[in-house]
Amino acid sequence: MTVKLFITDLVKSELISMVFVFLLVPPVIYLIRWGGEYFYVYVWAFCQVVVVVMMFVYPALIQPLFNKYEPLHDLQLREKIEALADSHKFPLTKLFQVDGSKRSSHSNAYFFGFWKSKRIVLFDTLLNLTHEEILSVLAHELGHWYHNHLVKSMAASSAHLFIIMYAYGVFVQRYGVQLMSDFGFPTVPDGSVPVMVALMLFGRLWQPIDQAISVLMTVQTR
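Take 1 as the starting number for the sequence shown in the UniProt record's numbering and just add one per residue.
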């Protein structure tokens with residue numbers, strides 16, 4: 001990776017992060033304030049909608065900002081991959097190669113898409129291997145699809161988020177005002193806890209628990 005590319009990636013990432021913060025944080029704050037005792041259900045549901053939307057937006061609009069995607073050049077390899085997909089009834093619709101070598105020598109392959117429209121992406125670094133080796137890598141990826149690992153991972157992440165939001169609600173109701181005082185934040189006249197302050201304090205305290213949960217989720221997917 002060149003210095004220019006590093007800086008360009010950094011600027012793009014920061015701008016994209018700012019856009020998402022601008023678009024997503026206000027609705028979350030509104031739902032927390034508006035939702036009452038069961039606000040965590042509304043926030044969780046909103047986040048699930050965002051996740052589904054991002055599964056369409058990310059590969060179509062965000063990924064192309066960082067990498068160049070092209071149809072796989074090697075026609076013989078394409079035929080072998082299509083045959084592999086057909087043999088396992090994998091609904092392959094498009095096959096791409098991406099210029100991953102401009103950032104790293106790491107080789108990878110992955111698939112994305114919904115239902116009957118799946119797309120496979122090969123890093124150009126992977127194309128240095130033999131066709132048999134590439135097919136072995138893809139067979140591993142198809143194994144994730146066959147065993148519904150992505151669906152299971154999404155379900156686990158969804159449950160994880162629900163637990164976080166529920167725990168946040170309990171935290172604010174029981175300890176919010178006291179912790180604000182302990183950390184030196186001024187008391188709000190109506191006795192409420194500002195959402196951003198509560199999220200910040202909860203995030204700090206929840207972090208060790210979240211790390212442990214993340215490790216368990218990683219172990220489960222391996």
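Here a beta-carbon is modelled for each residue, glycine too, at the ideal position from N, C-alpha and C.
Check                                                                                                                                                              : Outcome
Please state whether DSSP places S153 in a helix, a strand or coil.                                                                                                : helix
Determine, using beta-carbon pairs with one atom in the region 118 to 127 and one in the region 8 to 26, whether at least three such pairs fall under 8 angstroms. : no
For E70, which residues does DSSP report across the bridge?                                                                                                        : Q97
Where does S104 sit, in a helix, a strand or coil, going by DSSP?                                                                                                  : coil
Can you tell me which of the three DSSP states L135 falls into?                                                                                                    : helix
By Cβ distance below 8 angstroms, which residues in the same chain neighbour K12 in space, the five residues on each side in sequence not counted?                 : L65 and F66
Tell me, which residues are paired with L92 by DSSP?                                                                                                               : K118
Return the CA-CA distance between I164 and Q207, expressed in angstroms with no decimal places.                                                                    : 10 angstroms
Check this for me: beta carbons of F123 and S107, under 7 angstroms apart or not?                                                                                  : yes
Determine the direct distance from the alpha carbon of G169 to that of M154, and round the result to whole angstroms.                                              : 23 angstroms
If distances are taken between C-alpha atoms only, which option among L24, V25 and I29 comes closest to P194?                                                      : I29
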